[in-house]
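Taking the numbering used here, the leading residue of the sequence shown gets 639, the next gets one more, and so forth. All C-beta atoms, glycine included, are put in the ideal place defined by N, C-alpha and C.
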Amino acid sequence: MDPIDALNEIAFLLERERASKFKAKAFRTAAATVAGLDEVARTDPDRLRRAKGIGDSTFAVIEQALSGRVPDYLTDLRERMGDVRRSELRGLLRGDLHAHSDWSDGTTPIDQMVAAARSLGHEYLALTDHSPRLKVARGLSPERLREQLEVVAGFEFDDFSLLSGIEVDILSDGGLDQEPELLDELDIVVASAHSELRMESVAMTKRLVAAVSNPRVTVLGHVTGQLVSGSRGTRPPSTFDPRAVFEACAAHGVAVEINSRPERMDPPDELITLALELGCLFSIDSDAHAPGQLSLLDHGAERAERLGVPAERIVTTWPLPRLRAWAWGA
(Lines of atoms letter the chains of each structure in order from A; the text may use other names.)
(Lines give C-alpha, C1' and ligand atoms only; values in the text may rest on other atoms or scores of the structure.)
Protein backbone atom coordinates (compact mmCIF):
# COMPACT_ATOMS: atom_id res chain seq x y z
CA MET A 639 0.00 0.00 0.00
CA ASP A 640 1.29 3.48 -0.77
CA PRO A 641 2.45 5.03 2.55
CA ILE A 642 1.08 8.46 1.67
CA ASP A 643 -2.35 7.00 0.91
CA ALA A 644 -2.28 5.02 4.16
CA LEU A 645 -1.32 8.05 6.27
CA ASN A 646 -3.96 10.26 4.66
CA GLU A 647 -6.69 7.63 5.04
CA ILE A 648 -5.84 7.24 8.73
CA ALA A 649 -6.09 11.01 9.17
CA PHE A 650 -9.42 11.05 7.29
CA LEU A 651 -10.90 8.30 9.47
CA LEU A 652 -9.64 9.89 12.69
CA GLU A 653 -11.30 13.13 11.62
CA ARG A 654 -14.53 11.31 10.80
CA GLU A 655 -14.71 9.84 14.32
CA ARG A 656 -13.88 13.29 15.74
CA ALA A 657 -10.63 12.14 17.39
CA SER A 658 -8.11 14.64 18.72
CA LYS A 659 -7.24 17.12 15.99
CA PHE A 660 -3.57 16.80 17.00
CA LYS A 661 -3.62 13.04 16.35
CA ALA A 662 -5.12 13.47 12.89
CA LYS A 663 -2.72 16.33 12.15
CA ALA A 664 0.28 14.11 12.99
CA PHE A 665 -0.68 11.70 10.21
CA ARG A 666 -1.35 14.49 7.71
CA THR A 667 2.02 16.05 8.58
CA ALA A 668 3.78 12.70 8.07
CA ALA A 669 2.04 12.23 4.71
CA ALA A 670 3.21 15.68 3.61
CA THR A 671 6.75 14.89 4.78
CA VAL A 672 6.89 11.65 2.77
CA ALA A 673 5.43 13.40 -0.28
CA GLY A 674 8.21 15.98 -0.06
CA LEU A 675 11.01 13.40 -0.16
CA ASP A 676 12.69 12.12 -3.31
CA GLU A 677 11.84 8.63 -4.57
CA VAL A 678 14.91 7.01 -3.00
CA ALA A 679 14.31 8.55 0.41
CA ARG A 680 10.69 7.43 0.39
CA THR A 681 11.80 3.80 0.57
CA ASP A 682 14.85 4.24 2.84
CA PRO A 683 13.82 3.36 6.43
CA ASP A 684 16.78 5.18 7.99
CA ARG A 685 16.10 8.44 6.15
CA LEU A 686 12.36 8.17 6.78
CA ARG A 687 12.90 7.62 10.50
CA ARG A 688 15.10 10.71 10.74
CA ALA A 689 12.75 12.94 8.73
CA LYS A 690 11.14 15.77 10.66
CA GLY A 691 7.41 15.18 11.01
CA ILE A 692 7.59 11.39 11.23
CA GLY A 693 7.17 9.86 14.70
CA ASP A 694 6.97 6.34 16.06
CA SER A 695 3.32 5.70 15.14
CA THR A 696 3.53 7.19 11.68
CA PHE A 697 6.83 5.41 10.96
CA ALA A 698 5.24 2.07 11.86
CA VAL A 699 2.46 2.79 9.35
CA ILE A 700 4.99 3.68 6.65
CA GLU A 701 7.06 0.53 7.29
CA GLN A 702 4.06 -1.76 7.09
CA ALA A 703 2.78 -0.06 3.94
CA LEU A 704 6.17 -0.38 2.27
CA SER A 705 6.23 -4.09 3.15
CA GLY A 706 3.03 -4.56 1.12
CA ARG A 707 0.67 -4.76 4.09
CA VAL A 708 -2.33 -2.69 5.02
CA PRO A 709 -0.99 -1.07 8.21
CA ASP A 710 -2.41 -2.41 11.48
CA TYR A 711 -3.45 1.08 12.56
CA LEU A 712 -5.50 1.52 9.40
CA THR A 713 -7.04 -1.94 9.68
CA ASP A 714 -8.14 -1.21 13.25
CA LEU A 715 -9.64 2.13 12.23
CA ARG A 716 -11.55 0.63 9.33
CA GLU A 717 -13.01 -2.02 11.64
CA ARG A 718 -13.86 0.60 14.25
CA MET A 719 -15.77 2.61 11.69
CA GLY A 720 -17.96 -0.43 11.01
CA ASP A 721 -20.37 -0.55 8.11
CA VAL A 722 -21.32 2.90 6.83
CA ARG A 723 -25.08 3.34 6.78
CA ARG A 724 -25.32 4.66 3.24
CA SER A 725 -28.91 5.58 2.49
CA GLU A 726 -30.33 6.02 -0.98
CA LEU A 727 -30.67 9.71 -0.20
CA ARG A 728 -26.93 10.01 0.43
CA GLY A 729 -26.33 9.13 -3.20
CA LEU A 730 -28.50 12.07 -4.27
CA LEU A 731 -26.59 14.71 -2.33
CA ARG A 732 -24.53 16.93 -4.61
CA GLY A 733 -22.78 19.14 -2.07
CA ASP A 734 -22.45 20.64 1.38
CA LEU A 735 -23.23 24.18 2.53
CA HIS A 736 -21.50 24.24 5.94
CA ALA A 737 -17.75 23.63 6.32
CA HIS A 738 -14.80 25.29 8.04
CA SER A 739 -11.11 25.73 7.27
CA ASP A 740 -8.10 26.82 9.30
CA TRP A 741 -9.06 30.40 8.58
CA SER A 742 -11.33 30.03 11.63
CA ASP A 743 -11.55 26.89 13.81
CA GLY A 744 -11.06 24.22 11.15
CA THR A 745 -7.89 22.13 11.23
CA THR A 746 -6.72 22.27 7.61
CA PRO A 747 -6.20 24.75 4.77
CA ILE A 748 -8.92 25.38 2.21
CA ASP A 749 -7.23 23.31 -0.48
CA GLN A 750 -7.35 20.16 1.67
CA MET A 751 -11.06 20.66 2.32
CA VAL A 752 -11.61 21.09 -1.41
CA ALA A 753 -9.59 17.97 -2.25
CA ALA A 754 -11.60 15.91 0.25
CA ALA A 755 -14.92 17.24 -1.06
CA ARG A 756 -13.95 16.36 -4.62
CA SER A 757 -12.81 12.88 -3.56
CA LEU A 758 -16.27 12.30 -2.07
CA GLY A 759 -17.87 13.23 -5.38
CA HIS A 760 -19.21 16.62 -4.29
CA GLU A 761 -20.15 19.03 -7.05
CA TYR A 762 -19.92 22.01 -4.70
CA LEU A 763 -18.86 23.00 -1.20
CA ALA A 764 -19.59 26.23 0.64
CA LEU A 765 -16.75 27.54 2.79
CA THR A 766 -18.49 28.95 5.87
CA ASP A 767 -15.92 30.04 8.42
CA HIS A 768 -17.11 31.84 11.54
CA SER A 769 -17.90 35.55 11.96
CA PRO A 770 -15.93 38.06 14.09
CA ARG A 771 -17.87 37.84 17.36
CA LEU A 772 -16.88 34.18 17.84
CA LYS A 773 -13.33 35.02 18.92
CA VAL A 774 -12.71 31.56 20.40
CA ALA A 775 -13.12 30.20 16.85
CA ARG A 776 -10.94 32.93 15.27
CA GLY A 777 -13.97 34.38 13.51
CA LEU A 778 -13.25 36.39 10.38
CA SER A 779 -13.23 40.17 10.56
CA PRO A 780 -14.57 41.98 7.49
CA GLU A 781 -10.99 42.48 6.32
CA ARG A 782 -10.09 38.79 6.65
CA LEU A 783 -13.32 37.72 4.98
CA ARG A 784 -12.59 40.00 2.01
CA GLU A 785 -9.13 38.43 1.81
CA GLN A 786 -10.67 34.96 1.90
CA LEU A 787 -13.08 35.84 -0.91
CA GLU A 788 -10.10 36.49 -3.18
CA VAL A 789 -8.67 33.08 -2.26
CA VAL A 790 -11.99 31.32 -2.89
CA ALA A 791 -12.27 32.96 -6.31
CA GLY A 792 -8.97 31.34 -7.26
CA PHE A 793 -10.35 27.79 -7.03
CA GLU A 794 -11.56 26.86 -10.50
CA PHE A 795 -12.48 23.36 -11.67
CA ASP A 796 -14.58 21.97 -14.50
CA ASP A 797 -16.43 19.54 -12.23
CA PHE A 798 -16.52 21.33 -8.87
CA SER A 799 -17.33 24.76 -7.42
CA LEU A 800 -16.13 26.27 -4.15
CA LEU A 801 -18.85 28.62 -2.98
CA SER A 802 -18.18 31.68 -0.86
CA GLY A 803 -19.95 31.77 2.46
CA ILE A 804 -19.97 32.33 6.19
CA GLU A 805 -21.45 30.87 9.34
CA VAL A 806 -22.63 34.16 10.75
CA ASP A 807 -23.44 34.44 14.43
CA ILE A 808 -27.02 35.39 15.28
CA LEU A 809 -26.79 38.25 17.77
CA SER A 810 -29.09 38.47 20.79
CA ASP A 811 -31.47 40.83 18.95
CA GLY A 812 -31.57 38.67 15.81
CA GLY A 813 -29.04 40.77 13.92
CA LEU A 814 -26.18 39.21 11.96
CA ASP A 815 -22.53 39.48 12.98
CA GLN A 816 -21.03 40.83 9.76
CA GLU A 817 -21.24 43.89 7.54
CA PRO A 818 -24.50 43.73 5.53
CA GLU A 819 -22.78 44.80 2.32
CA LEU A 820 -20.26 42.00 2.70
CA LEU A 821 -22.97 39.40 3.31
CA ASP A 822 -24.52 40.55 0.02
CA GLU A 823 -21.38 39.33 -1.80
CA LEU A 824 -21.58 35.74 -0.49
CA ASP A 825 -23.16 32.72 -2.13
CA ILE A 826 -24.25 31.10 1.15
CA VAL A 827 -25.02 32.59 4.57
CA VAL A 828 -25.56 30.03 7.34
CA ALA A 829 -26.99 31.84 10.38
CA SER A 830 -26.44 30.11 13.74
CA ALA A 831 -26.73 31.01 17.42
CA HIS A 832 -23.59 30.26 19.44
CA SER A 833 -24.16 32.30 22.59
CA GLU A 834 -26.95 33.00 25.08
CA LEU A 835 -28.44 29.62 24.22
CA ARG A 836 -30.41 29.56 27.48
CA MET A 837 -32.26 32.74 26.53
CA GLU A 838 -35.92 32.86 27.60
CA SER A 839 -38.23 31.20 25.03
CA VAL A 840 -40.10 34.28 23.80
CA ALA A 841 -36.88 36.24 23.32
CA MET A 842 -35.16 33.32 21.57
CA THR A 843 -38.13 32.91 19.26
CA LYS A 844 -37.99 36.59 18.28
CA ARG A 845 -34.22 36.30 17.82
CA LEU A 846 -34.43 33.33 15.44
CA VAL A 847 -37.43 34.69 13.51
CA ALA A 848 -35.62 38.00 13.00
CA ALA A 849 -32.54 36.21 11.69
CA VAL A 850 -34.33 34.03 9.14
CA SER A 851 -36.42 36.99 8.02
CA ASN A 852 -33.22 38.73 6.92
CA PRO A 853 -33.02 38.41 3.11
CA ARG A 854 -29.28 37.71 3.32
CA VAL A 855 -29.77 34.39 5.20
CA THR A 856 -29.96 31.16 3.19
CA VAL A 857 -29.63 28.44 5.87
CA LEU A 858 -30.59 28.28 9.57
CA GLY A 859 -27.78 26.32 11.22
CA HIS A 860 -28.08 23.79 14.10
CA VAL A 861 -31.25 25.48 15.34
CA THR A 862 -31.46 24.14 18.92
CA GLY A 863 -27.73 24.23 19.72
CA GLN A 864 -28.00 20.93 21.57
CA LEU A 865 -25.17 18.46 22.16
CA VAL A 866 -26.15 14.88 22.91
CA SER A 867 -22.65 13.35 23.18
CA GLY A 868 -18.99 13.96 22.46
CA SER A 869 -15.86 15.47 23.97
CA ARG A 870 -17.57 18.78 24.71
CA GLY A 871 -20.13 17.06 26.91
CA THR A 872 -23.87 17.45 26.56
CA ARG A 873 -26.01 20.57 26.29
CA PRO A 874 -29.82 20.85 26.36
CA PRO A 875 -31.62 22.40 23.39
CA SER A 876 -32.56 26.05 23.43
CA THR A 877 -36.23 26.74 24.10
CA PHE A 878 -38.28 28.61 21.50
CA ASP A 879 -41.50 28.31 19.54
CA PRO A 880 -40.42 26.02 16.68
CA ARG A 881 -43.65 26.52 14.76
CA ALA A 882 -43.08 30.27 14.59
CA VAL A 883 -39.45 29.84 13.58
CA PHE A 884 -40.14 27.25 10.90
CA GLU A 885 -43.08 29.20 9.51
CA ALA A 886 -40.70 32.13 9.09
CA CYS A 887 -38.17 29.85 7.36
CA ALA A 888 -40.84 28.60 4.97
CA ALA A 889 -42.10 32.11 4.26
CA HIS A 890 -38.62 33.43 3.45
CA GLY A 891 -37.25 30.39 1.61
CA VAL A 892 -34.60 29.70 4.25
CA ALA A 893 -33.45 26.08 4.50
CA VAL A 894 -33.49 24.38 7.89
CA GLU A 895 -30.16 22.66 8.36
CA ILE A 896 -30.06 18.97 9.20
CA ASN A 897 -26.69 19.02 10.90
CA SER A 898 -24.92 15.72 10.24
CA ARG A 899 -22.63 15.71 13.27
CA PRO A 900 -23.73 12.75 15.44
CA GLU A 901 -22.99 14.65 18.64
CA ARG A 902 -25.56 17.27 17.68
CA MET A 903 -28.58 15.39 16.25
CA ASP A 904 -29.88 18.86 15.45
CA PRO A 905 -32.73 19.41 14.84
CA PRO A 906 -34.18 16.55 16.88
CA ASP A 907 -36.47 14.17 14.95
CA GLU A 908 -39.68 15.81 16.11
CA LEU A 909 -38.55 19.24 14.88
CA ILE A 910 -37.55 17.88 11.48
CA THR A 911 -41.04 16.38 11.24
CA LEU A 912 -42.62 19.72 12.18
CA ALA A 913 -40.50 21.66 9.67
CA LEU A 914 -41.48 19.14 7.00
CA GLU A 915 -45.16 19.60 7.85
CA LEU A 916 -44.81 23.40 7.63
CA GLY A 917 -43.31 23.31 4.13
CA CYS A 918 -39.68 24.09 4.92
CA LEU A 919 -36.71 23.44 2.71
CA PHE A 920 -33.77 21.57 4.23
CA SER A 921 -30.00 21.52 3.81
CA ILE A 922 -28.11 18.39 4.86
CA ASP A 923 -24.69 19.67 5.93
CA SER A 924 -21.60 18.21 7.56
CA ASP A 925 -20.49 21.21 9.65
CA ALA A 926 -17.03 19.78 8.93
CA HIS A 927 -13.98 21.19 10.69
CA ALA A 928 -11.59 18.70 9.03
CA PRO A 929 -11.53 16.85 5.69
CA GLY A 930 -12.68 13.51 7.12
CA GLN A 931 -15.73 15.12 8.67
CA LEU A 932 -17.14 15.97 5.26
CA SER A 933 -18.16 12.30 5.08
CA LEU A 934 -20.50 12.77 8.06
CA LEU A 935 -23.19 13.57 5.50
CA ASP A 936 -23.95 9.83 5.73
CA HIS A 937 -25.52 10.43 9.15
CA GLY A 938 -27.62 13.42 8.11
CA ALA A 939 -28.89 11.66 4.99
CA GLU A 940 -29.83 8.54 6.97
CA ARG A 941 -31.87 10.63 9.43
CA ALA A 942 -33.63 12.60 6.70
CA GLU A 943 -34.51 9.44 4.78
CA ARG A 944 -35.80 7.72 7.92
CA LEU A 945 -38.04 10.71 8.68
CA GLY A 946 -39.44 10.85 5.15
CA VAL A 947 -37.88 14.12 3.98
CA PRO A 948 -38.26 14.10 0.17
CA ALA A 949 -35.13 14.75 -1.87
CA GLU A 950 -36.85 17.58 -3.76
CA ARG A 951 -37.12 19.57 -0.51
CA ILE A 952 -33.39 19.22 0.23
CA VAL A 953 -31.42 22.01 -1.44
CA THR A 954 -28.16 20.03 -1.31
CA THR A 955 -29.63 17.55 -3.80
CA TRP A 956 -30.14 20.36 -6.31
CA PRO A 957 -27.77 20.99 -9.23
CA LEU A 958 -25.60 24.07 -8.84
CA PRO A 959 -27.55 26.41 -11.18
CA ARG A 960 -30.77 25.77 -9.26
CA LEU A 961 -28.97 26.10 -5.92
CA ARG A 962 -27.44 29.43 -6.94
CA ALA A 963 -30.79 30.76 -8.17
CA TRP A 964 -32.39 29.85 -4.83
CA ALA A 965 -29.53 31.23 -2.75
CA TRP A 966 -29.38 34.56 -4.52
CA GLY A 967 -33.15 34.87 -4.45
CA ALA A 968 -33.56 33.83 -0.82
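Should residue i go down as buried or exposed, given a rule of 16 or more other Cβ atoms within 10 Å for buried?
i      : result
Asp936 : buried
Thr713 : exposed
Arg941 : buried
Gly803 : buried
Pro709 : buried
Val840 : exposed
Thr872 : exposed
Met751 : buried
Arg836 : exposed
Phe795 : exposed
Ser830 : buried
Gly706 : exposed
Asp904 : buried
Ser757 : exposed
Ala689 : buried
Report the residue from the options whose alpha carbon sits nearest the alpha carbon of residue i.
i       : options                           : result
Ala849  : Ala928, Phe884 and Thr696         : Phe884
Ser658  : Asp684, Ala928 and Glu761         : Ala928
Gly813  : Met842, Phe795 and Gly792         : Met842
Leu730  : Arg756, Ile922 and Pro905         : Ile922
Glu647  : His832, Ala754 and Ser839         : Ala754
Phe878  : Glu834, Ser869, Asn852 and Asn897 : Glu834
Glu805  : Glu788, Glu794 and Leu735         : Leu735
Trp741  : Ser779, Pro709, Val708 and Asp710 : Ser779
Leu1011 : Val953, Ser869, Ala662 and Leu765 : Residue numbering for the chain in the displayed model covers 639 to 968; residue 1011 lies beyond these limits and cannot be assessed.
Gly777  : Ser739, Glu717, Ala888 and Pro906 : Ser739
Leu914  : Pro900, Glu895 and Asp925         : Glu895
Arg854  : Ala791, Ser867, Glu823 and Glu785 : Glu823
Gly946  : Pro875, Leu912 and Gly930         : Leu912
Leu800  : Arg687, Ala882, Ile748 and Val866 : Ile748
Leu715  : Ala698, Glu677 and Leu651         : Leu651
Gln864  : Lys844, Leu961, Asp907 and Gln931 : Asp907
Leaving out five residues on either side along the sequence, give the residues of the same chain with a beta carbon under 7 Å from the beta carbon of residue i.
i      : result
Leu704 : Pro641 and Thr681
Gly668 : Per the sequence shown, residue 668 should be read as Ala rather than Gly. Taken in chain order, the residues that qualify are Leu645, Gly691, Ile692 and Thr696.
Gly733 : His760, Glu761, Tyr762, Leu763 and Thr954
Beta-carbon within less than 6 Å of residue i's beta-carbon, same chain only, minus the 5 sequence neighbours each way: which residues are those?
i       : result
Leu909  : Pro880
Glu943  : Ser725 and Leu727
Asp807  : Ser769, Arg771, Leu772, Asp815 and His832
Ala893  : Val857, Leu919, Phe920, Ser921 and Val953
Gly1035 : The structure shown has nothing for residue 1035, since the chain only spans 639 to 968.
Ser810  : Glu834
Met639  : Ala703 and Val708
Going by DSSP, which residues form a beta bridge with residue i?
i      : result
Val857 : Val828 and Ala893
Gly733 : Tyr762
Asp743 : Bridge partners of Asp743: none, in fact.
Ser921 : Glu895
His631 : Not covered by the structure: residue 631. The range shown for the chain is 639 to 968.
Leu865 : Arg873
Please report the residue range of the beta strand (DSSP E) in which residue i lies.
i      : result
Val806 : Ser799 to Asp807
Hey, quick one: how far does the alpha helix (DSSP H) through residue i stretch, first residue to last?
i      : result
Phe697 : Asp694 to Leu704
Ile910 : Asp907 to Glu915
His937 : Leu935 to Arg944
Thr713 : Asp710 to Met719
Phe665 : Lys659 to Ala673
Thr877 : It is not in any alpha helix (DSSP H) - Thr877 carries neither H nor E in the DSSP assignment.
Leu787 : Pro780 to Ala791
Met842 : Ser839 to Val850
Residues in the same chain with beta-carbon distance under 8 Å from residue i, minus the five sequence neighbours each way, listed in chain order, please.
i      : result
Ala949 : Leu727, Leu730 and Thr955
Arg782 : Trp741
Thr745 : Glu653, Lys659, Ala662, Lys663, His927 and Ala928
Ala673 : Ile642
Check the Cβ-Cβ distances between residue i and every residue of chain B, and say whether any is below 9 Å.
i      : result
Lys773 : You won't find chain B in this structure, because it holds only one protein chain.
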